[in-house]
Amino acid sequence: MCEIDDEGFHINSNTQETAVIWFRNDLRLADNPALNAAIATGLAVLPVFIQVPEEGSQWPLGGATKWWLHHSLKKLNESLVKCGSKLIVRSGNASEILLALVEEANVRRIFWNRLYEPESIARDSDLKSKLQVSGVQVESFNGSLLFEPWEVRTGEGKPFQVFTPFWRACLAANPPSPPISAPKNVRSPERWPVSLSIDDLMLEPTIDWAAGIREMWTPGEQGAMQRLHNFTIDHMPKYACQRDNPANEGTSRLSPHMHFGEISPRQIWHELIPLPSSGPYLRQVIWREFAHYMLYHHPRTPQEPFRAEFRNFPWRADAAKLQAWTRALTGYPLVDAGMRELWHTGWMHNRVRMVVASFLVKHLLQPWQEGAAWFWDTLVDADLANNTFGWQWVAGCGADAAPYFRIFNPMLQSKKFDPNGDYIRRWVPELRGLSNDSIHEPWLATVFELADAGIKLGVSYPYPIIDHVAARNAALEAFQTLRDNNSQLNG
DNA sequence: TGAAATGTTGGGGCG
DNA sequence: ACGCCCCAACATTTC
């Protein structure tokens with residue numbers, strides 16, 4: 000067969016047929032079913048990454064996420080080079096780029112692992128039909144969940160709304176398939192299509208604010224496996240009793256690696272399931288599944304409360320309060336410590352995430368969407384499903400959420416989970432000199448202790464921006480208003 | 001994956 | 001010895 004292009008030149012009739020593996024949030028070679036399938040075709044493989052334009056997306060990548068992506072792409076490219084291949088990088092509308100690449104590189108088949116965000120699903124299904132019209136065979140795979148969201152159903156065939164039965168259904172389902180090993184070779188094409196460099200994507204910040212992030216994280220598949228093995232050996236056996244203490248490294252810290260698909264939940268599952276006492280951690284992995292499941296079945300939840308009555312919640316949007324929270328100057332040491340850990344490392348211990356989120360939503364009465372937006376921009380593990388689910392859970396408007404009237408007491412949480420104040424001292428160094436008692440509530444320290452510790456409240460560290468008891472009562476009152484209004488609407 | 005208020009119980013001090 | 005009060009300690013209820 001001989002083709003003629005627009006200019007009338009003959010394209011080499013022997014132009015080699017190729018297969019594309021389109022990398023998205025699956026930046027790994029091991030247990031990558033789409034990559035595996037692309038290789039199995041026997042065709043030359045074009046590994047492609049496309050940076051999509053941010054305009055138009057409701058969730059453009061946050062700053063911390065961009066930093067991570069930059070380094071993860073570099074690592075992925077290095078791994079591909081070791082297999083005799085490389086990453087083709089492009090930027091622009093994904094559909095247009097792939098359709099153009101099909102012409103340019105004689106692409107016969109395209110493979111990708113599924114994404115589950117509503118915007119991605121819409122784009123991918125549209126693209127799939129366009130590609131099929133152009134005669135390209137498209138196959139998608141499950142690369143990032145243990146169970147497909149449409150497969151886990153209640154006895155009545157409906158989606159679950161409560162975690163525990165969902166968890167039981169997962170345990171009863173066919174176990175996730177064992178992970179596929181990484182390919183040794185990826186067949187390269189005779190001629191490589193043009194590619195941007197990863198640096199061209201300008202993902203790294205122009206002002207270098209990432210020093211703390213660099214220090215803590217090693218993006219990429221290898222870094223992810225290292226974290227997993229380190230966690231499995233050193234921390235997993237004591238996970239149940241250590242995971243709530245934010246000063247310890249008692250948790251896996253795999254969240255950003257999982258978000259970018261540098262490691263798959265199947266790899267984690269199969270590594271841990273044979274080990275004793277892995278249940279509590281795997282339960283957390285299933286919380287992640289549940290978050291993705293909920294987003295799939297309720298695609299409006301990133302914007303709107305799952306429980307519709309919360310649309311009428313009397314939030315008191317206040318830029319100054321929100322700013323005190325984002326700047327970690329609330330005057331509540333545990334809250335400020337968490338917000339500073341986030342700013343410095345791009346990550347926050349989950350126990351503290353609950354505390355700071357509860358504080359923003361229930362003490363400060365700020366809309367949960369504001370908190371979600373800040374996390375989205377600052378977390379290296381920012382993930383639409385997990386972030387949405389977590390915030391709705393805390394705000395009490397989500398599925399199987401903490402009831403609104405469950406209000407964390409920041410001092411009690413602090414004393415319970417950071418009893419020696421180690422976490423606070425690490426992140427709020429101006430309070431270091433306080434005793435283990437006062438460090439949780441410096442405003443109760445005596446003038447002598449404050450002076451000895453070199454603290455002048457209101458100057459070197461703020462007074463609490465809000466009184467706990469008053470805030471708690473106001474939150475309960477706001478919740479009562481919501482209930483009254485709704486019962487009026489219904490009655 | 002709460003906290004605070006309220007209720008109950010039982011030991012010990014004390015008149 | 002006895003009843004009374006106090007108050008931890010624990011349990012239950014409410015938000």
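Take the first sequence: its letters are residues 0 to 490, numbered as in numbering that gives the first Met the number 0.
Cβ coordinates follow ideal geometry from the N, Cα and C atoms, glycine included.
Looking at the unbroken beta strand (DSSP E) that takes in residue i, where does it start and where does it end?
i: Ser139; result: 136-140
i: Gln50; result: 43-50
i: Val360; result: First-last for Val360: undefined, no H or E at that position.
i: Ser90; result: 87-90
Using DSSP with H/G/I as helix, E/B as strand and the rest coil, what is residue i?
i: Tyr115; result: coil
i: Val151; result: coil
i: Trp392; result: helix
i: Thr17; result: strand
i: Leu130; result: helix
i: Ile109; result: strand
i: Ile465; result: coil
i: Asp5; result: Caution applies to Asp5, whose pLDDT of 46 falls short of 50 and renders its modelled position unreliable; the value that the coordinates give is listed next. Coil at Asp5, not helix or strand.
i: Ile10; result: Bear in mind that a pLDDT of 49 at Ile10, under 50, signals an unreliable position, so the number given afterwards is only what the model happens to contain. Ile10 falls in the coil class under three-state DSSP.
i: Met0; result: With a pLDDT of 37 at Met0, under the threshold of 50, the predicted position of this residue should be treated as unreliable, and no value is reported.
i: Leu456; result: strand
i: Leu195; result: strand
i: Phe230; result: helix
i: Phe374; result: helix
i: Phe478; result: helix
i: Phe146; result: coil
i: Phe165; result: helix
i: Ala473; result: helix
So residue i and residue j are supposed to be a Cβ contact under 8 Å. How far apart are they, rounded?
i: Trp442; j: Ala336; result: Rounded, the Cβ-Cβ distance is 16 Å, inconsistent with contact.
i: Leu253; j: Ala223; result: 7 Å
i: Phe407; j: Phe478; result: The pair is not a contact, with the Cβ atoms about 15 Å apart (cut-off 8 Å).
i: Glu116; j: Leu383; result: 5 Å
i: Tyr460; j: Glu429; result: 5 Å
i: Leu60; j: Leu68; result: 7 Å
i: Pro46; j: Ser71; result: Contact flag wrong, Cβ pair sits at about 14 Å.
What I want to know is whether the C-beta of residue i ends up closer than 6 Å to one or more non-hydrogen atoms of the ligand ATP.
i: Ser176; result: Questions concerning the ligand ATP fall outside what the structure shown contains, since it holds no ligand whatsoever.
Residue i and residue j: beta carbons closer than 7 Å?
i: Leu26; j: Gly260; result: yes
i: Val44; j: Ala63; result: no
i: Arg350; j: Phe416; result: yes
i: Ala452; j: Leu433; result: yes
i: Cys334; j: Pro218; result: Checking the sequence, you will find Val at residue 334 rather than Cys. Not a contact, by the Cβ cut-off of 7 Å.
i: Ala33; j: Phe146; result: no
i: Trp373; j: Thr325; result: yes
i: Phe48; j: Val88; result: yes
i: Leu502; j: Lys414; result: This structure cannot speak to residue 502, because the chain is shown only from 0 to 490.
i: Cys82; j: Val151; result: no
i: Phe289; j: Phe165; result: yes
i: Arg94; j: Leu126; result: The sequence shown places Ser at residue 94, rather than the Arg named in the question. Cβ distance < 7 Å, so Ser94 and Leu126 count as in contact.
i: Ile212; j: Gly345; result: yes
i: Gln131; j: Ser90; result: no
i: Ser276; j: Pro236; result: yes
i: Glu308; j: Asn489; result: no
i: Gly330; j: Tyr462; result: yes
i: His22; j: Asp399; result: In the sequence as presented, His is not what sits at residue 22; that position holds Phe. No.
i: Val355; j: Gln412; result: no
i: Ala238; j: Tyr280; result: For clarity, residue 238 is Tyr in the given sequence; the question names Ala instead. Going by C-beta atoms, Tyr238 is nearer than 7 Å to Tyr280.
i: Ile492; j: Ala323; result: Past the edges of the chain, shown from 0 to 490, lies residue 492, and the structure says nothing about it.
For the alpha helix (DSSP H) that residue i lies in, which residues bound it at each end?
i: Arg213; result: 210-215
i: Val446; result: 446-451
i: Phe416; result: 409-416
i: Glu340; result: 332-344
i: Gln241; result: 238-241
i: Asn35; result: 32-39
i: Ile423; result: 421-426
i: His258; result: 254-258
Runs of beta strand (DSSP E) lying entirely within the region 264-317, each at least 3 residues, in chain order: none
Whole runs of the alpha helix (DSSP H) within the region 53-100, excluding any shorter than 4 residues: 62-81
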